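A quick write-up on the structure given underneath.
Residue numbers (the working numbering), protein chains in the order written: chain V, 224 to 493; chain R, 668 to 1095.
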């Protein structure tokens, strides 16, 4: 009973699929934007890979400077607290001073009115806009995304962020009219639909690095991307280090279980 | 529920004797996983995956309970509470990544467990009930994993919930009300998140209960084995402990090594970047893709693009997707061949390997956008999937001529060792 019924059900599915094959066009609709889209360029960082990765503290300090002086005008970083930057080698005093340089939202204890106060190490990086509406109003209706997780939240990760920052260029001559950047948009072949609301954010020597590194667009892009790799996962290096310890412990455990398995089965053919 | 030569439980210590009279749990353990449970002596490494699935479930339950202590199931804070676990909770990043990749490991071992059953005919009499309960566990796992994926409340969480509950709206008349009832609203929102969290915490314990039934049903006839010949006498078996506890211990070691490598060195490899973007009902991701373990079924869903017999394409897809799993319930009766192991089924063995390739192909297609050649490949893949179980298998089991079989497990083992030694002396 099961077999004849199953046979009929099977034929039903197969007929529906065969008809689907013959009614689905075999060619795809042309996607012109696809031809101009570029794959992200690889960015090598000290925190990459699993062979002795580490944080390049000097680079993270520079990257944070770029974020603070450039990106933070439009982009929030709401998952990162000032205390977290101890990872870059700052002392407690330096972090306190750094936090004090920010005004964070507060409430006036006398009147209950909204106010601001100096930042504390326990505060998070303040957002540049009060809310989404304010952010859109200031940016031609585009919403600058929060950057805390950006290197994990985009296909291509850090490579994508780095390529996007360095990828602004004039549209190629053969670009079809419908793909040309409209008002307030900027051509960038690394962006999904090629036209990005963000203007090229970096110009040579836009920041002055304390350690004397030359502030080229490429250098600043690398530094801020390294910083954003850290903001996306501050526990990344610790994760790899703990991973090695756990892996080698388990390797010894597995070798021992294998030996005891061989020992126990030694007298049994199987 | 065991063979006559099974070692009886004879407690010697007064405390164990006292316990045995009052609540014989040590007796149960002794007879179920101890020296009191005789197991075929010839099990290969594919018989490790049941224990590994149990280990994976325990890891998920333990990490899950700890995560629930820090997670907040509220649409406005869920995403940030996961990041709080990743950043502020002691070793929270480890617990969360272990839970995330533990789900993948669970599915990997369960898929291998299922294909082991398909190759060695483990679903056949007298073990049909073991197979049926296994399919129930698989369905419960899929429901649990789906609801768990919604909890971080990222973009894929939200849109995955939207798409999967959308399946129900394909059902005529009652579909849309059923969908709204499941979601607790018109779109996934706080009510959805709360009920999914509640069920995601409940279902693993239901799975645990069905696993106990699965093992109970297994222990009635005892484990199958690579020859598919039933146990005849004592020399065919070894006591579960220490023989298979030792072998499973080694298996668990290998499993943990792979699990740890994934969790610590590449924890996001099997995930989607989009799920690190908070859920946004106004912005649809370019490609909504489920987790990798659902991809073959997702490809079957998308393969149906033609309205046929007054049933529209979407409903065909939904019926076929659920049907592709439901047909597993009928497998013991679709395959009428009395031979269990594919080692002695030359024809079925070929189709088995085609099925393996087919499911991998469907998984690959499930990941791709709805463009050619992926559409036609998933259509061909889905045709083979249904043809394999509903057409080919019943025919093959009727016309196939099995290879000559040994008389007993011991004979098979000794024959294997005889050829091993003769080939070894030939090379010497």
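Even glycine gets a Cβ: it sits at the ideal position worked out from N, Cα and C.
In this text, all values refer to a predicted model and were calculated from it rather than measured experimentally.
For residue 832 of chain R, the first and last residue of its enclosing beta strand (DSSP E): Your numbering for residue 832 of chain R matches position 165 in the second chain. No beta strand (DSSP E) contains residue 832 of chain R, which is instead part of the alpha helix (DSSP H) from 822 to 833.
Ranges of the beta strand (DSSP E) found wholly within the region 992 to 1062 of chain R, counting only runs of at least 3: none
Quick check: is the beta carbon of residue 378 of chain V nearer than 8 angstroms to any beta carbon in chain R? Start at 1 with the first residue of the first chain, and residue 378 of chain V comes out as number 155. Taking Cβ atoms only, chain R reaches closer than 8 angstroms to residue 378 of chain V, which makes this a yes.
Under 8 angstroms between C-beta atoms of residue 771 of chain R and residue 937 of chain R: As a position in the second chain, residue 771 of chain R is number 104, starting the count at 1. As a position in the second chain, residue 937 of chain R is number 270, starting the count at 1. Taking 8 angstroms as the Cβ cut-off, residue 771 of chain R and residue 937 of chain R qualify as a contacting pair.
Using a Cβ-Cβ cut-off of 8 angstroms (strictly less than) and excluding sequence neighbours within five positions of residue 393 of chain V, which residues of its own chain qualify? For the purposes of this step, residue 393 of chain V is taken as the residue at position 170 of the first chain. Around residue 393 of chain V: 410.
For chain V, check one thing: does any of its Cβ atoms lie closer than 8 angstroms to the Cβ of residue 1082 of chain R? To locate residue 1082 of chain R, count along the second chain from 1; it is residue 415. No - not a single Cβ of chain V is within 8 angstroms of the one on residue 1082 of chain R.
What's the gap between the Cα of residue 256 of chain V and the Cα of residue 402 of chain V? For this step, residue 256 of chain V is matched to residue 33 along the first chain. For this step, residue 402 of chain V is matched to residue 179 along the first chain. Distance between the alpha carbons of residue 256 of chain V and residue 402 of chain V: 7 angstroms.
Hey, is residue 225 of chain V's beta-carbon within less than 8 angstroms of any beta-carbon in chain R? For the purposes of this step, residue 225 of chain V is taken as the residue at position 2 of the first chain. Yes, its Cβ sits closer than 8 angstroms to a Cβ of chain R.
For residue 361 of chain V and residue 307 of chain V, the rounded distance between their alpha carbons: If you number the first chain from 1, residue 307 of chain V lands on position 84. If you number the first chain from 1, residue 361 of chain V lands on position 138. Cα to Cα, the separation comes out at about 29 angstroms.
Say whether chain R places a C-beta atom closer than 8 angstroms to the C-beta of residue 492 of chain V. Locating residue 492 of chain V in the first chain gives position 269, counting from the first residue. It does: the Cβ of residue 492 of chain V has a partner Cβ on chain R nearer than 8 angstroms.
Using a threshold of 8 angstroms, state whether the C-beta atoms of residue 804 of chain R and residue 726 of chain R are closer than that. Along the second chain, read from residue 1 onward, the residue named residue 804 of chain R stands at position 137. Along the second chain, read from residue 1 onward, the residue named residue 726 of chain R stands at position 59. It is not a contact, given that the beta carbons lie outside the stated cut-off.
Could you tell me the boundaries of the alpha helix (DSSP H) in which residue 441 of chain V lies? What you label residue 441 of chain V is simply residue 218 of the first chain in a count that begins at 1. 440 to 455 is the extent of the alpha helix (DSSP H) around residue 441 of chain V.
When the Cα atoms are used, what is the spatial distance from residue 452 of chain V to residue 429 of chain V? Taking the first chain and counting its residues from 1, one reaches residue 452 of chain V at position 229. Taking the first chain and counting its residues from 1, one reaches residue 429 of chain V at position 206. Residue 452 of chain V and residue 429 of chain V: Cα-Cα distance of roughly 22 angstroms.
Can you pull out the residues from the region 442 to 463 of chain V whose beta carbon lies closer than 7 angstroms to at least one beta carbon of chain R? 457, 458, 462, 463
So if I threshold CB-CB distances at 8 angstroms, which residues from the region 910 to 924 of chain R count as touching chain V? 910, 913, 914, 916, 917, 919, 920, 921, 923, 924
Write down every uninterrupted run of the alpha helix (DSSP H) in the region 719 to 788 of chain R whose length is 4 residues or greater and which is fully enclosed by it, in chain order. 745 to 754, 759 to 786
Near-chain V residues of the region 1045 to 1073 of chain R - C-beta to any C-beta below 7 angstroms: 1046, 1049, 1050, 1053, 1054, 1057, 1058, 1061
How should residue 846 of chain R be labelled, buried or exposed, when 16 other C-beta atoms within 10 angstroms of its C-beta is the threshold for buried? For the purposes of this step, residue 846 of chain R is taken as the residue at position 179 of the second chain. Counting Cβ neighbours within 10 Å, residue 846 of chain R comes out buried, since at least 16 surround it.
Going along the region 474 to 493 of chain V in order, which residues come within less than 7 angstroms of chain R, judged by CB to CB distance? 474, 476, 477, 480, 481, 483, 484, 487, 488, 491, 492, 493
Hey, is the region 698 to 710 of chain R in contact with the region 893 to 906 of chain R, meaning 3+ C-beta pairs nearer than 8 angstroms? yes
Quick one: what does DSSP say residue 299 of chain V is sitting in, helix, strand or coil? Working through the first chain from its first residue, we reach residue 299 of chain V at position 76. Residue 299 of chain V falls in the coil class under three-state DSSP.
Quick one: residues in its chain with C-beta nearer than 7 angstroms to the C-beta of residue 902 of chain R, no 5 flanking neighbours on either side, listed in chain order? Within the second chain, the letter at position 235 stands for residue 902 of chain R. Cβ neighbours of residue 902 of chain R within its own chain (closer than 7 angstroms, five residues either side excluded): 1077.
With DSSP collapsed to three states, give me the class of residue 338 of chain V. Indexing the first chain from 1 puts residue 338 of chain V at position 115. Strand, per DSSP.
When you compare each of R:1075, R:1013, R:1067 to residue 493 of chain V by their alpha carbons, which one comes out closest? Position 270 of the first chain, counted from the start, is the residue given in the question as residue 493 of chain V. The residue with the shortest Cα to Cα distance from residue 493 of chain V is R:1075.
Give me the subset of the region 705 to 739 of chain R whose CB atoms are less than 7 angstroms from a CB atom of chain V, sorted by chain position. Those would be 708, 709, in chain order.
Going by DSSP in three states, residue 911 of chain R sits in which element: helix, strand or coil? Looking up residue 911 of chain R in the second chain gives position 244. Residue 911 of chain R: helix per DSSP, three-state reduction.
Going by DSSP, which residues form a beta bridge with residue 898 of chain R? By 1-based counting over the second chain, the position of residue 898 of chain R is 231. None, per the DSSP bridge assignment.
Taking Cβ-Cβ distances shorter than 7 angstroms, what residues in chain V pair up with residue 741 of chain R? Locating residue 741 of chain R in the second chain gives position 74, counting from the first residue. Those within 7 angstroms of residue 741 of chain R in chain V number zero; the least Cβ separation is about 17 angstroms.
Per the DSSP calculation, residue 419 of chain V is bridged to which residue(s)? Here the question's residue 419 of chain V lines up with position 196 in the first chain. BP columns for residue 419 of chain V point to V:409.
Within the 8 angstroms Cβ cut-off, does residue 299 of chain V reach chain R? As a position in the first chain, residue 299 of chain V is number 76, starting the count at 1. No, residue 299 of chain V lies away from the interface with chain R (no Cβ there is under 8 angstroms from its Cβ).
Does the CB of residue 799 of chain R have a neighbour CB from chain V at under 8 angstroms? For this step, residue 799 of chain R is matched to residue 132 along the second chain. So no, residue 799 of chain R is outside the interface.
Quick one: which residues of the region 749 to 761 of chain R get their C-beta closer than 8 angstroms to a C-beta of chain V? List them in chain order. 750, 753, 754, 760, 761
Whole-number beta carbon distance between residue 830 of chain R and residue 992 of chain R, since they are thought to touch under 8 angstroms: If you number the second chain from 1, residue 992 of chain R lands on position 325. If you number the second chain from 1, residue 830 of chain R lands on position 163. The C-beta distance from residue 992 of chain R to residue 830 of chain R rounds to 17 angstroms, too long to meet the 8 angstroms contact threshold.
Would you check if there are 3 or more beta carbon pairs closer than 8 angstroms linking the region 286 to 303 of chain V to the region 365 to 374 of chain V? Yes, since at least three Cβ pairs between the region 286 to 303 of chain V and the region 365 to 374 of chain V fall closer than 8 angstroms, the two stretches touch.
Delimiting residues of the alpha helix (DSSP H) encompassing residue 705 of chain R: Here residue 705 of chain R refers to the residue found at position 38 of the second chain. Careful: residue 705 of chain R lies outside any alpha helix (DSSP H), inside the beta strand (DSSP E) at 705 to 707.
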